[in-house]
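So that you can map any letter, position 39 of the sequence shown is 88 in the working numbering, and since no number is skipped, the others follow by simple counting.
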Amino acid sequence: MEKESVSKVLPDPHKVYDFVGDLKNKYGVEFCKVTIELKAAQEENSTLKNELEQAIKKIDLSERQKFKKAKREIENLKKELQIVKSKREDLKGRLKITLSELDVKQAALNKMNTDSKILKDILCNKKFPFNKSSLNYDHGASTSKSKEVAKSTKD
């Protein structure tokens, strides 16, 4: 009983093949065209997928290269910054030394100017430092022993 019910449900395999064959004959040319177009579309799709993957890889490589280049440049700039900072500190130290030397030279120049002014005043007044007559100094009344000895030896 079961064999009869199964055979009634399933169609005869020969009839199915005949039906497909009839369709192929009836729509054969169109079927071949559609099949060819489908294969061409699948190949194009595959090609486009490959091209897209390659383009993505190139972009990724390009971006990575740009990133690496930027990273190298940052490192180089950091090194250059350290060098510049070091030079700056060195120049600051040298500037302090130079300023202290300038202060010493300026003090010496000020002393020289003061001494020059005193000398100018003396020359303008025609007073000599060993001329103490304006101070009521009596050269002959000296009480210095060395001068007295010198006077007595002359006599």
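Yeah, the Cβ is synthetic: ideal placement off N, Cα and C, and Gly gets one too.
Our two residues, residue 159 and residue 132, have alpha carbons roughly 40 Å apart in a direct line.
In the same chain as residue 103, and ignoring 5 residues on each side of it, no C-beta atom comes closer than 8 Å to its own. The beta strand (DSSP E) runs lying completely inside the region 76–151 and spanning 3 residues or more number zero. Within its own chain, no residue has a Cβ closer than 8 Å to the Cβ of residue 137 once the five positions on either side in sequence are excluded. CA-to-CA, the gap between residue 144 and residue 123 works out to about 31 Å.
Straight through space, the alpha carbons of residue 97 and residue 115 are spaced by roughly 26 Å.
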